[in-house]
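Residues 1 to 354 in the UniProt record's numbering are what the sequence shown spells out, letter by letter.
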Amino acid sequence: MAEIIIENLQKMFGEFTAVQSSSFTIEDGEFFMLLGPSGCGKTTTLRMIAGLELPTSGEIYLDGEEVSQRPASQRDIAFVFQMFALYPHMKVGQNLRYPLISQGMGRAEANAKVAEVAKILGIEGILDRPVGGLSGGDRQRVALGRAIVREPKAFMMDEPLGALDAEFREHMAEELRALHDRMGATTVYVTHDQLEAMQMGDKIVVMNHGVVEQFGTPQDVYDKPATMFVADFIGAPSMNFLTFAGSVRPGQDTVELDGATFGVPRQIGAAQGDLVFGVRPEHVGFDDASPYRGRIDATEYLGTTQIVTVATPNGDLKARIPSSEVVREGESVGLTFRAETITLFERSSGRALR
Ligand code: ATP
1 MAEIIIENLQ
11 KMFGEFTAVQ
21 SSSFTIEDGE
31 FFMLLGPSGC
41 GKTTTLRMIA
51 GLELPTSGEI
61 YLDGEEVSQR
71 PASQRDIAFV
81 FQMFALYPHM
91 KVGQNLRYPL
101 ISQGMGRAEA
111 NAKVAEVAKI
121 LGIEGILDRP
131 VGGLSGGDRQ
141 RVALGRAIVR
151 EPKAFMMDEP
161 LGALDAEFRE
171 HMAEELRALH
181 DRMGATTVYV
191 THDQLEAMQM
201 GDKIVVMNHG
211 VVEQFGTPQD
221 VYDKPATMFV
231 ADFIGAPSMN
241 FLTFAGSVRP
251 GQDTVELDGA
261 TFGVPRQIGA
271 AQGDLVFGVR
281 PEHVGFDDAS
291 PYRGRIDATE
301 YLGTTQIVTV
311 ATPNGDLKAR
321 IPSSEVVREG
331 ESVGLTFRAE
341 TITLFERSSG
351 RALR
């Protein structure tokens with residue numbers, strides 16, 4: 001069990017900053033996601049936590065102890081790679097026993113431990129099989145078993161399901177999450193897949209260009225994005241951004257879009273200039289009485305819902321509405337938005353206004 005605190009962590013490769021003063025806390029037992037596009041510094045962050053890479057500056061605390069400059073072997077953290085490295089010439093049971101025996105554990109104790117882990121993973125029946133002939137899923141389970149059997153303080157997983165096809169991936173994701181819930185070990189998981197992060201994570205760190213854009217629960221990052229990057233990266237289709245010139249001051253709870261007044265969450269700060277009215281597709285309402293008009297440009301059928309693209313005076317937006325609602329391309333529609341679903345951003349900084 002482990003709590004991991006990251007403080008102002010930074011990693012330079014020569015002149016290049018891969019991770020910039022990142023700070024966040026991973027609580028004991030959490031399933032914690034590092035999410036972001038390719039090259040944003042997720043893997044580098046994970047490797048620093050595991051001790052496979054040393055930070056240029058900043059601190060990592062593992063259960064209150066500063067471990068930033070300690071080698072991986074002294075951190076008691078298991079790293080699960082995307083390409084699971086198993087010993088192909090060994091049987092499943094031997095693969096699981098190996099980490100224990102090489103730690104000096106006696107054979108009887110090791111066998112008992114292996115049996116326990118095999119039961120958790122549901123692979124008791126294949127302990128005598130060579131790993132060479134196993135299915136992808138069983139290989140994955142054996143590799144996880146290899147990481148679990150040592151009972152490390154925490155698990156680091158770098159896109160462990162990245163190589164699997166979509167259907168199987170979803171199945172393994174569920175298994176991994178269920179396994180975590182049974183064992184309760186702190187797990188840090190790297191992914192570029194926002195859906196995977198939202199479905200599996202207790203908390204998510206969203207990274208972009210080496211910077212932590214936001215850190216919170218899946219609900220926090222979805223409902224209260226801190227930046228336009230987060231609002232855009234999380235959710236599919238992503239949040240709509242309607243640009244307008246205006247200003248907000250503390251206490252204000254409306255803004256004007258093309259002459260129409262819309263309620264927004266009561267503002268704490270002030271801003272002026274180019275502002276952005278952010279609304280998720282499922283929060284766009286159609287109401288002919290609304291003075292704020294748009295033209296339907298396209299519809300995309302998705303089964304129970306459809307995605308409707310509407311050209312508005314402030315840019316295109318996508319609305320997710322039930323497929324039972326009949327809309328026609330070229331038609332003019334009135335648009336409504338509920339105040340509590342709106343996020344305002346400052347265009348220049350991309351930061352959410354609160
Ligand atoms: P991906 O999903 O593509 O692996 P990532 O978010 O995990 O992306 P990192 O692997 O952490 O990103 O890499 C962050 C940046 O640091 C990238 O631009 C990468 O090229 C660079 N980088 C990583 N390792 C090194 C290294 N050893 N030397 C030089 N640059 C590196």
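The beta carbon of each residue, even a glycine, is placed where N, CA and C say it ideally should be.
{"Check": "Between the region 183-197 and the region 308-315, can you find at least three pairs of beta-carbon atoms closer than 8 Å?", "Outcome": "no"}
{"Check": "For K119, count the other beta carbons within 10 Å of its own beta carbon; 16 or more makes it buried, fewer makes it exposed. Which is it?", "Outcome": "exposed"}
{"Check": "Who are the near neighbours of residue 435 in its chain, counting only those whose CB is closer than 8 Å to its CB and skipping five residues on each side?", "Outcome": "Given that the chain is displayed from residue 1 to residue 354, the structure contains no residue 435 and the question cannot be resolved."}
{"Check": "Near the ligand ATP, which residues have their beta-carbon closer than 5 Å to a heavy atom?", "Outcome": "F13, A18, S38, G39, C40, G41, K42, T43, T44"}
{"Check": "Which whole-angstrom value describes the C-beta separation of V276 and M228, a residue pair presumed to lie in contact below a C-beta threshold of 8 Å?", "Outcome": "7 Å"}
{"Check": "Would you list the one or two residues that DSSP bridges to F241?", "Outcome": "G278"}
{"Check": "If we ignore side chains and look at the alpha-carbon of each, how far apart do M33 and Q94 end up?", "Outcome": "31 Å"}
{"Check": "Can you name the start and end residues of the alpha helix (DSSP H) that V221 belongs to?", "Outcome": "218-223"}
{"Check": "Residues in its own chain within less than 6 Å of D232 by CB, not counting five upstream and five downstream?", "Outcome": "S238"}
{"Check": "Near Q214, which residues of its chain fall below 7 Å by C-beta distance, leaving aside the five closest residues on each side in sequence?", "Outcome": "V206, V221, P225, A226, T227, V230"}
{"Check": "For the beta strand (DSSP E) containing T299, list its first residue and its last residue.", "Outcome": "293-301"}
{"Check": "Do G145 and P88 have their CB atoms nearer than 8 Å?", "Outcome": "no"}
{"Check": "Could you check what DSSP says for E59 in three-state terms: helix, strand or coil?", "Outcome": "strand"}
{"Check": "Specify the secondary structure class of N95 as computed by DSSP and reduced to three states.", "Outcome": "helix"}
{"Check": "Compare the C-alpha of I126 against each of V279, M90, L161, G106 and name the closest.", "Outcome": "M90"}
{"Check": "Identify whether K318 lies in helix, strand or coil by the three-state DSSP scheme.", "Outcome": "strand"}
{"Check": "Mind checking V326: buried by the 16 CB within 10 Å criterion, or exposed?", "Outcome": "exposed"}
{"Check": "Whose C-alpha, out of N111, A236, F286, is nearest the C-alpha of L96?", "Outcome": "N111"}
{"Check": "What did DSSP end up calling L35 once you bin it into helix, strand or coil?", "Outcome": "strand"}
{"Check": "Write down the C-beta distance between G269 and L353 rounded to the nearest angstrom, noting that I regard them as a contact closer than 8 Å.", "Outcome": "6 Å"}
{"Check": "By alpha-carbon positions, which one of F244, I5, M157 ends up nearest to Y61?", "Outcome": "I5"}
{"Check": "Have a look at T25, R328, K42 and flag the residue whose alpha-carbon is nearest the alpha-carbon of G64.", "Outcome": "T25"}
{"Check": "Which residues in the same chain as R134 place their Cβ atom closer than 8 Å to its Cβ, once the five residues preceding and following it in sequence are excluded?", "Outcome": "Checking the sequence, you will find Leu at residue 134 rather than Arg. Excluding residues within five positions, the ones whose Cβ falls inside 8 Å are V92, I126, V142."}
{"Check": "For E174, tell me which candidate among Y189, F155, Q199 has the shortest Cα-Cα distance.", "Outcome": "Q199"}
{"Check": "Taking the Cβ atom as the reference point for each residue, do T243 and R347 lie within a distance shorter than 8 Å?", "Outcome": "yes"}
{"Check": "From the DSSP output, in three-state form, read off K42 for me.", "Outcome": "helix"}
{"Check": "Classify Y301: buried if its beta carbon has 16 or more other beta carbons within 10 angstroms, exposed otherwise.", "Outcome": "exposed"}
{"Check": "Compute the Euclidean distance between the alpha carbons of R345 and F241, then round it to the nearest angstrom.", "Outcome": "Per the sequence shown, residue 345 should be read as Phe rather than Arg. C-alpha separation (whole angstroms): 9 Å."}
{"Check": "Taking only three categories from DSSP, how would you classify A352?", "Outcome": "strand"}
{"Check": "Kindly indicate which residue of S57, R47, G58 has the alpha-carbon position closest to the one of S73.", "Outcome": "R47"}
{"Check": "Alpha carbon to alpha carbon, how far is Q306 from V279? Give it in angstroms, no decimals.", "Outcome": "17 Å"}
{"Check": "Going along the chain, which residues of its own chain have a beta-carbon closer than 8 Å to the beta-carbon of P99, five neighbours each way excluded?", "Outcome": "R146, V149, R150"}
{"Check": "By a C-beta neighbour count over all protein chains shown, 10 Å radius and 16 as the cutoff for buried, is E30 buried or exposed?", "Outcome": "buried"}
{"Check": "Rounded to whole angstroms, what's the CA-CA distance from L164 to E170? Just pull it up for me.", "Outcome": "9 Å"}
{"Check": "DSSP on S247, reduced to helix/strand/coil?", "Outcome": "strand"}
{"Check": "Which of the three DSSP states is assigned to V114 in this structure?", "Outcome": "helix"}
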